[in-house]
Amino acid sequence: MATTTTKPAFQSFVPSTESRPEFTVRAILLGAIFGILFGAVTVYVGLRAGLTVAASIPISVLSISILRAFGRASILENNIVQSTGNAGQSIASGVIFTLPALIFLGFDLESSRIFALALFGGWLGVLFMIPLRRQLIVQEHGTLPYPEGTACADVLMAGERGGSFASRVFLGLGLGGIYTLFQNDNLFSLFPSTPNYSFNVGEQHLLKGGAIRADVTPEYLGVGYIIGMRVAAVMLAGGVFSWLVLMPAIYFFGSRLSTPLYPGTTLIRDMSPSDLWITYVRPMGAGAVACSGLITLLRTAPTILAALTEGLKSIGKNKRATDPGAPGSTTKSANLGSSATTASGQPPRTEHDLPWSVVIGGSVLLVVLLWVFLEFKPVPGAQVGAFANLAASLLVVVFGFLFVTVSARIVGIVGSSASPVSGMTIATLMATAAIFLVRGWTAPAFGALAITVGGIVCIAASNAGDTAQDLKTGYLIGATPWKQQLAIMIGVIISVLSIGVTLNAMNKGLESFQRMPRPVALSLSHLPDGVQAQGNFNRDHIVLSHTENQGAPSSTPKPGSPDSSLSGVEKAAKVGLQDSSAEITNARSYILLNAIGSSTLADGKYLYNPATGQIEIQWTQGIGSENAAAPQGRLMATVINGILSRKLPWSLVLLGVALVIMVELLGVRSLTLAVGAYLSIGTTLAIFAGGVMRWLVDRAAEKQYEREAASELEASLALWQSDRDAWLTQHPDFNPTNPAHLEKETGLPARSFCIRDPEVESEISSGSLFASGLIAAGGIVGLVGVGVKLYESATDRTIPRFSDHNLLHHDWVSVLMFALLAWSLYYFARKPLDQPR
Numbered sequence: 001m002a003t004t005t006t007k008p009a010f011q012s013f014v015p016s017t018e019s020r021p022e023f024t025v026r027a028i029l030l031g032a033i034f035g036i037l038f039g040a041v042t043v044y045v046g047l048r049a050g051l052t053v054a055a056s057i058p059i060s061v062l063s064i065s066i067l068r069a070f071g072r073a074s075i076l077e078n079n080i081v082q083s084t085g086n087a088g089q090s091i092a093s094g095v096i097f098t099l100p101a102l103i104f105l106g107f108d109l110e111s112s113r114i115f116a117l118a119l120f121g122g123w124l125g126v127l128f129m130i131p132l133r134r135q136l137i138v139q140e141h142g143t144l145p146y147p148e149g150t151a152c153a154d155v156l157m158a159g160e161r162g163g164s165f166a167s168r169v170f171l172g173l174g175l176g177g178i179y180t181l182f183q184n185d186n187l188f189s190l191f192p193s194t195p196n197y198s199f200n201v202g203e204q205h206l207l208k209g210g211a212i213r214a215d216v217t218p219e220y221l222g223v224g225y226i227i228g229m230r231v232a233a234v235m236l237a238g239g240v241f242s243w244l245v246l247m248p249a250i251y252f253f254g255s256r257l258s259t260p261l262y263p264g265t266t267l268i269r270d271m272s273p274s275d276l277w278i279t280y281v282r283p284m285g286a287g288a289v290a291c292s293g294l295i296t297l298l299r300t301a302p303t304i305l306a307a308l309t310e311g312l313k314s315i316g317k318n319k320r321a322t323d324p325g326a327p328g329s330t331t332k333s334a335n336l337g338s339s340a341t342t343a344s345g346q347p348p349r350t351e352h353d354l355p356w357s358v359v360i361g362g363s364v365l366l367v368v369l370l371w372v373f374l375e376f377k378p379v380p381g382a383q384v385g386a387f388a389n390l391a392a393s394l395l396v397v398v399f400g401f402l403f404v405t406v407s408a409r410i411v412g413i414v415g416s417s418a419s420p421v422s423g424m425t426i427a428t429l430m431a432t433a434a435i436f437l438v439r440g441w442t443a444p445a446f447g448a449l450a451i452t453v454g455g456i457v458c459i460a461a462s463n464a465g466d467t468a469q470d471l472k473t474g475y476l477i478g479a480t481p482w483k484q485q486l487a488i489m490i491g492v493i494i495s496v497l498s499i500g501v502t503l504n505a506m507n508k509g510l511e512s513f514q515r516m517p518r519p520v521a522l523s524l525s526h527l528p529d530g531v532q533a534q535g536n537f538n539r540d541h542i543v544l545s546h547t548e549n550q551g552a553p554s555s556t557p558k559p560g561s562p563d564s565s566l567s568g569v570e571k572a573a574k575v576g577l578q579d580s581s582a583e584i585t586n587a588r589s590y591i592l593l594n595a596i597g598s599s600t601l602a603d604g605k606y607l608y609n610p611a612t613g614q615i616e617i618q619w620t621q622g623i624g625s626e627n628a629a630a631p632q633g634r635l636m637a638t639v640i641n642g643i644l645s646r647k648l649p650w651s652l653v654l655l656g657v658a659l660v661i662m663v664e665l666l667g668v669r670s671l672t673l674a675v676g677a678y679l680s681i682g683t684t685l686a687i688f689a690g691g692v693m694r695w696l697v698d699r700a701a702e703k704q705y706e707r708e709a710a711s712e713l714e715a716s717l718a719l720w721q722s723d724r725d726a727w728l729t730q731h732p733d734f735n736p737t738n739p740a741h742l743e744k745e746t747g748l749p750a751r752s753f754c755i756r757d758p759e760v761e762s763e764i765s766s767g768s769l770f771a772s773g774l775i776a777a778g779g780i781v782g783l784v785g786v787g788v789k790l791y792e793s794a795t796d797r798t799i800p801r802f803s804d805h806n807l808l809h810h811d812w813v814s815v816l817m818f819a820l821l822a823w824s825l826y827y828f829a830r831k832p833l834d835q836p837r
């Protein structure tokens with residue numbers, strides 16, 4: 001008679017029959033605070049670096065320490081904290097990847113609009129994930145590992161046993177905060193934030209037009225450490241190609257031209273490196289990012305389709321089951337061998353999701369609210385009509401459902417960091433834009449509507465992936481699903497409040513106004529194609545930034561300072577002034593013009609003076625500047641413009657496409673390199689420094705392990721060395737070079753006989769936690785600096801800074817201070833964590 005083996009029952013850390021404090025007021029409040037902080041930090045870092053990092057583990061570590069200080073907290077409370085707080089990071093990621101495209105399309109961002117769209121997307125992600133939990137998290141427990149969710153559960157369980165990891169995060173917060181306080185241009189500015197060297201070597205002016213600079217901020221150092229050496233090096237390769245190959249080549253061949261070269265409005269020989277980057281390299285980078293995004297979509301299409309098929313199957317299975325949360329339910333447990341019901345006949349608490357009525361009713365309500373919002377509060381200048389708004393609302397539900405299903409399954413395999421959310425968003429935008437194109441909806445307003453659809457779907461997919469990770473954590477530790485789902489929805493509401501404010505604060509706080517080097521004469525009655533008048537400028541006064549001096553390495557204003565974000569095309573000198581900024585007090589006399597796809601002006605906003613009949617000032621938005629490049633937003637705007645308006649600087653865009661094709665033919669994944677080519681080299685070089693620190697730490701850990709393993713091997717072999725000859729006679733097949741043979745024949749562990757591969761640090765290592773603290777510190781203090789600048793603009797007051805007295809204001813000081821910060825990262829990364837008792 002054949003014997004059958006029963007799969008061992010899964011037992012969560014907290015048994016389903018045990019009740020502990022979970023959905024408490026202090027857990028929700030602390031999670032809400034973390035949601036606000038990490039949502040704002042993700043916006044700040046993501047717009048600048050083009051990358052985001054997971055927040056669940058840092059939040060868990062901090063929660064364990066903070067709640068322990070107020071009395072012992074249960075592991076389930078800490079899980080509610082991280083679920084609530086992590087919503088801020090996931091929502092912010094979806095927002096910054098898409099909604100900045102509205103700025104690049106010529107529309108304004110409004111905090112209320114960001115709040116509404118982020119709320120719709122965030123809640124859709126949670127609601128659509130609810131029916132998927134039982135299949136993906138429970139029934140496929142051994143199939144889908146959900147790496148971040150499992151690692152977070154390990155942290156929470158270690159904390160419950162007495163482990164403490166928070167010291168590394170607090171050290172990173174403290175050192176990073178103090179460093180940023182003295183480094184940030186808007187705060188004390190004790191030393192330059194961006195050491196810079198512009199090339200102009202020898203009589204032949206070698207590499208003129210190129211530059212090397214580094215934004216020596218703690219958040220970039222931390223991001224580089226977490227993503228690792230390989231990814232950071234590929235990003236830097238893109239930056240090197242743009243800043244040390246393309247830009248010097250453009251200057252070399254174009255410096256003898258006597259007229260500006262489109263899309264520039266000034267002579268190439270008068271351009272600074274920042275001018276060249278903005279005018280010529282950034283459109284190439286946008287084309288490269290768009291092409292690599294499409295290639296990524298094609299590459300992941302089989303995975304996406306497979307995940308969609310499996311997800312739809314799982315929903316079909318769940319629909320055939322009765323709602324476990326309904327009275328009188330008789331649902332069979334799917335908990336891998338655990339008891340199906342409690343003594344009262346009800347399913348255990350670990351199987352209670354929010355009911356189907358919430359899923360369906362909530363989804364219908366969100367569609368109605370979205371249609372009402374689009375109909376009665378459209379994007380300014382983007383009225384499209386009730387039918388188009390209804391179509392957009394339905395597209396949100398269709399694409400949202402499909403890609404939430406895909407995202408929830410894919411992150412279970414590759415993790416949230418590697419989830420192809422951008423590819424799903426591109427697919428949504430292309431499909432939406434194609435539908436609009438067939439309908440003849442090609443006006444700029446429909447571009448804004450397409451971004452709205454893509455933005456909500458991107459936010460929903462991003463939040464669904466992180467929600468799946470959170471629910472995996474909850475499943476492993478024994479959380480109550482419906483309480484966790486409700487906590488995430490609360491986290492969505494709270495975090496979107498800070499995300500919209502932060503996005504607008506960065507856009508306004510990093511903006512600049514520059515006098516056009518050569519005013520452009522035109523008539524309002526005969527505006528060039530692609531240029532639109534948007535009414536009178538609505539500010540009483542503005543301050544013009546001064547010009548960036550070409551060439552001099554020390555006198556060049558720092559990118560990252562308010563007057564250096566960008567250039568001569570963008571950053572030109574004041575009229576009648578030498579070295580100080582000029583203030584225009586009658587700004588309302590100007591008319592605001594918006595250029596998109598014009599052959600006369602580069603894309604952007606301009607101030608036109610009716611008295612002179614000329615465009616005199618360029619208004620550079622903070623988002624899209626060198627300090628907040630927002631590459632994913634530029635990618636989405638490029639896709640929309642390419643399909644609907646087809647107004648792009650195609651010569652430059654196609655050069656970027658050719659670059660990506662070449663890189664792909666070399667066998668290199670192009671998306672990371674394309675993002676590096678689009679970003680400033682100041683960003684990629686600083687991130688690379690963090691990657692180098694990670695490589696050094698891994699190398700040191702490998703050598704230490706080799707020494708320990710060799711010592712252990714010697715001691716282990718000594719146990720049977722005396723009887724070795726007799727033992728080998730009895731085991732003639734024994735291979736002393738095979739660790740598996742050694743383990744089998746000697747009873748000693750195989751790890752005693754082999755040297756492991758180079759260690760890849762986990763997310764709960766000393767270095768990763770310290771780096772998370774650096775990222776949080778750089779984001780929080782950096783946002784304080786943005787707030788200070790906004791205060792100065794609103795009150796016409798200037799706060800004294802060390803830079804006003806040239807104290808330690810030399811590039812080598814910045815390099816030295818950044819090296820010391822990097823050394824501290826290496827030092828603390830090499831120290832072991834406090835392990836649980």
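FYI, in this note's numbering the residues of the sequence shown are 1 to 837.
Beta carbons are placed, not taken as given, at the ideal position from N, Cα and C, and that holds for glycine.
- In the three-state DSSP reduction, M516 falls in the strand class (E or B).
- The beta carbon of G88 sits closer than 6 Å to the beta carbons of G35, F38, G39, S495 from its chain, once the five residues preceding and following it are set aside; these are given in chain order.
- By alpha-carbon distance to T84, the top candidate from A595, A27, G767 is A27.
- A distance of 8 Å or more separates the beta carbons of M636 and L370.
- For T638 and F828, the gap between their C-alpha atoms comes out near 42 Å.
- Nearest Cα to R539 within the set F436, K508, V520: K508.
- A Cβ-Cβ distance of about 26 Å is found for the pair H526 and I584, leaving them out of contact under the 8 Å criterion.
- Put simply, the region 285-302 touches the region 646-658. At least three CB pairs are less than 8 Å apart.
- Between L30 and S292 a beta carbon distance of about 40 Å is seen, past the 8 Å cut, so the two are scored as non-contacting.
- Distance from the CA atom of L99 to the CA atom of T303, rounded to whole angstroms, is 26 Å.
- DSSP places E792 within a helical segment (H, G or I) once states are collapsed to three.
- DSSP links K605 through a beta bridge to N594, W619.
- In its chain, beyond the 5 residues on either side, T672, L673 have a beta carbon closer than 6 Å to the beta carbon of V234.
- Taking G423 as the centre and dropping the five residues before and after it, the same chain places the C-beta of G293, T296, L297, T300 closer than 7 Å to its C-beta, in chain order.
- Residue environment for D796: exposed (fewer than 16 other C-beta atoms within 10 angstroms of its C-beta).
- By the criterion of at least three beta-carbon pairs nearer than 8 Å, the region 218-226 is in contact with the region 175-185.
- With the rule of 3 Cβ pairs closer than 8 Å, the region 694-705 does not count as touching the region 237-254.
- In the DSSP assignment, the residues bridged to S198 are A211.
- In the DSSP assignment, L544 falls within the unbroken beta strand (DSSP E) covering 542-544.
- Distances from the CA of P145 to each of I451, S462, R409, S589 were compared; the closest alpha carbon is that of R409.
- Judged by DSSP in its simplified three-state form, V531 adopts strand.
- Distance between A101 and Q618, taken at the CA atoms: about 19 Å.
- By a beta-carbon distance limit of 8 Å, A771 does not contact G210. Their separation comes to about 30 Å.
- DSSP, read as helix, strand or coil, puts A689 in helix.
- With fewer than 16 other beta carbons inside 10 angstroms of its own, I360 counts as exposed.
- By the C-beta criterion, the region 91-98 is judged to be in contact with the region 45-52, since at least 3 inter-stretch pairs fall below 8 Å.
- Following the DSSP letters along the chain, one finds D466 inside the alpha helix (DSSP H) bounded by residues 444-477.
- It is roughly 6 Å from the alpha-carbon of V411 to the alpha-carbon of G465.
- When the alpha-carbon of V41 is set against those of S523, M506, I596, the nearest one is in M506.
- In this structure, L187 lies away from V813, with their beta-carbon atoms at least 8 Å apart.
- Taking the Cα positions, D529 is about 8 Å away from S599.
- In this chain, I799 is not harboured by any alpha helix (DSSP H), its DSSP state being neither H nor E.
- N536 carries a strand assignment under DSSP once its states are collapsed to helix, strand and coil.
- The beta carbon of G159 is closer than 6 Å to those of I64 in its chain, skipping five residues each way along the sequence.
- The beta carbon of G782 sits closer than 8 Å to the beta carbons of Y44, T180, N184, T217, E219 from its chain, once the five residues preceding and following it are set aside; these are given in chain order.
- Taking the C-beta atoms as reference points, F199 is found no nearer than 8 Å to A448.
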